[in-house]
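Novice: Questions regarding the structure given below will be posed in turn.
Numbering (my numbering), first residue to last: 31 to 388.
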């Protein structure tokens, strides 16, 4: 199997002896091919030769494409971009954070399908006055995460641009009978989520108030925003246990659940008090319900299944699993109804993150 690979390739790295030689150089002085050479040597030095993905690489960084041997599994592909001023600001994150998150958001898409992530292509665009140690810090964050999940970075692209743009493509695979899809929710299914929701939105809310006296962002919330955890191993357990409907929470719980309802032709009821939120941290409102419902960038898994599956799924997962509602037959009412503790509907909006929104 081949994936397109530009001669302007990028790949990530852990610290190498070359670090100290050129780390302080501006990209305009180092040049494209000087940086490519450094990155190529560095990323290959971090490989785990015995890993499944590494053994399958046939043509590595340095040719017109990367090539690797295929398998009998269904192949998955996803891509996502993070753009400075749109998705992140460097006053709120480091280059290493950006590298981590750029890969993590793509791994989360693979997790939503019940897949195993295998290969990644990385395209980085940045101004010429950026220095090489910043770029290498970016790859350090990415490679550290890639190694944890046996993902091999096999190529990419480098370009000059007015602002930093990080685009990653991840190739994964899974068994066809274990695919988890947005179209598979059925009336009677329980709706459940992994982990805790709203942390990234709470962090962003606090960071936007950064000039106010006494405002502090707890580390756990800052990590939720800058270093999301992709639930790859958890998704494999869900798939193995028979879960067939899932989505990762990137745009916000209500928004992403709305995608599931639309794709499956169903409606849903959510019990607000059951949604696991980030309440209880210093500086965070006691009621973080709206952060959890509509905040986005949680990258937890939302899934639906027969309620009888929940105990065995929860028993195998090391992270919390919380049932927050149920799937119902499609109604003429709004597709998602959120109920308070007294069973009364709450006024809510599905307006999570939307590209091209005015």
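Each residue gets a CB set at the ideal place from its N, CA and C atoms; glycine is no exception.
#1: With 16 as the cutoff for other CB atoms within 10 Å, does residue 373 come out buried or exposed?
#2: Which residues mark the beginning and the end of the alpha helix (DSSP H) in which residue 163 is found?
#3: Are three or more beta carbon pairs between the stretch 226-240 and the stretch 169-177 nearer than 8 Å?
#4: Sort 341, 173, 330 by Cα distance to residue 287 and report the nearest one.
#5: Please name the residue in 106, 193, 181, 136 whose C-alpha comes closest to that of residue 156.
#6: Work out the CA separation of residue 291 and residue 371 for me, nearest whole Å.
#7: Per DSSP, residue 202 forms a beta bridge with which residues?
#8: Would you list the one or two residues that DSSP bridges to residue 372?
#9: Taking only runs that begin and end inside the stretch 252-313, name each unbroken alpha helix (DSSP H) of 4 or more residues, in chain order.
#10: Going by beta carbon distance, what residues of the same chain come within less than 7 Å of residue 88, once the five residues before and after it are set aside?
#11: Excluding the 5 residues flanking residue 368 on each side, which residues of the same chain have their C-beta closer than 6 Å to its C-beta?
#12: Figure out for me which residue from 273, 281, 213 has the closest Cα to the Cα of residue 222.
#13: For residue 235, which of helix, strand or coil comes out of DSSP?
#14: Distance, Cα to Cα, residue 323 vs residue 365?
#15: Run through the DSSP bridge pairs and tell me what residue 187 is partnered with.
#16: Helix, strand or coil: which one does DSSP assign to residue 209?
#17: What's the gap between the Cα of residue 325 and the Cα of residue 285?
#18: How far does the alpha helix (DSSP H) with residue 125 in it extend, from its first residue to its last?
#19: Can the beta-carbon of residue 197 be found closer than 9 Å to that of residue 154?
#20: State the CB to CB distance for the pair residue 289 and residue 279, rounded to an integer number of angstroms; the pair is presumed to be in contact (CB under 8 Å).
#21: Please state whether the Cβ-Cβ distance between residue 201 and residue 148 is less than 9 Å.
#22: Indicate whether residue 268 and residue 349 have their beta-carbon atoms separated by less than 9 Å.
#23: Is it buried or exposed for residue 256, if we count other Cβ within 10 angstroms and need 16 for buried?
#24: I'd like to confirm the pairing. Which residues does DSSP put opposite residue 351 in its beta bridges?
#25: CB residue 220 to CB residue 357, shorter than 9 Å?
#26: Leaving out five residues on either side along the sequence, give the residues of the same chain with a beta carbon under 7 Å from the beta carbon of residue 84.
#27: Is residue 261 buried or exposed, if buried means 16 or more other CB atoms sit within 10 Å of its CB?
#28: Using the three-state DSSP reduction, which class does residue 334 fall into: helix, strand or coil?
#29: Distance check for residue 281 and residue 124, CA to CA, integer angstroms please.
#30: Looking at the structure shown, is residue 87 part of a helix, part of a strand, or coil, going by DSSP?
#31: With the cut-off set at 9 Å, would you say residue 321 and residue 232 are in Cβ contact?
#32: Taking C-alpha atoms, which residue in 138, 163, 258 lies nearest to residue 199?
Specialist: Quick look at the numbers:
#1: Residue 373 is exposed by the Cβ-count criterion.
#2: Segment 162-178, the alpha helix (DSSP H) holding residue 163.
#3: At 8 Å Cβ cutoff, the stretches do not touch.
#4: The option with the nearest alpha carbon to residue 287 is 330.
#5: If we check each option's Cα against that of residue 156, 193 comes out closest.
#6: The alpha-carbon atoms of residue 371 and residue 291 are separated by roughly 23 Å.
#7: In DSSP, residue 202 forms a bridge with 106, 147.
#8: Answer is none; residue 372 lacks a bridge partner.
#9: The stretch 252-313 contains these whole alpha helix (DSSP H) runs: 262-270, 283-294.
#10: Result list for residue 88: 97, 98, 99, in chain order.
#11: Around residue 368, the same chain offers 300, 302, 376, 378 as residues with beta carbons nearer than 6 Å, after the five sequence neighbours per side are excluded.
#12: Among 273, 281, 213, the Cα nearest to that of residue 222 belongs to 273.
#13: Correct three-state label for residue 235: helix.
#14: Rounded to whole angstroms, residue 323 to residue 365 spans 15 Å at the Cα level.
#15: In the DSSP assignment, residue 187 is bridged to 153.
#16: Residue state, collapsed to three classes: coil.
#17: Taking C-alpha positions only, residue 325 is separated from residue 285 by approximately 10 Å.
#18: Here the alpha helix (DSSP H) through residue 125 covers 125-142.
#19: Contact: yes.
#20: Rounded, the Cβ-Cβ distance is 11 Å, inconsistent with contact.
#21: Judged by their CB atoms, residue 201 and residue 148 are nearer to each other than the 9 Å cut-off.
#22: No; because the gap between Cβ atoms is not below 9 Å, this pair is not in contact.
#23: Its Cβ being crowded by 16 or more others within 10 Å, residue 256 is buried.
#24: Residue 351 pairs with 224.
#25: Residue 220 is a Cβ neighbour of residue 357, given a cutoff of 9 Å.
#26: The beta carbon of residue 84 sits closer than 7 Å to the beta carbons of 77, 78, 182 from its chain, once the five residues preceding and following it are set aside; these are given in chain order.
#27: Per the 10 Å Cβ criterion, buried.
#28: Here residue 334 sits in strand by DSSP.
#29: Computed Cα separation, rounded: 22 Å.
#30: The DSSP-derived three-state label of residue 87 is strand.
#31: Yes, they are a contact pair.
#32: The residue with the shortest Cα to Cα distance from residue 199 is 138.
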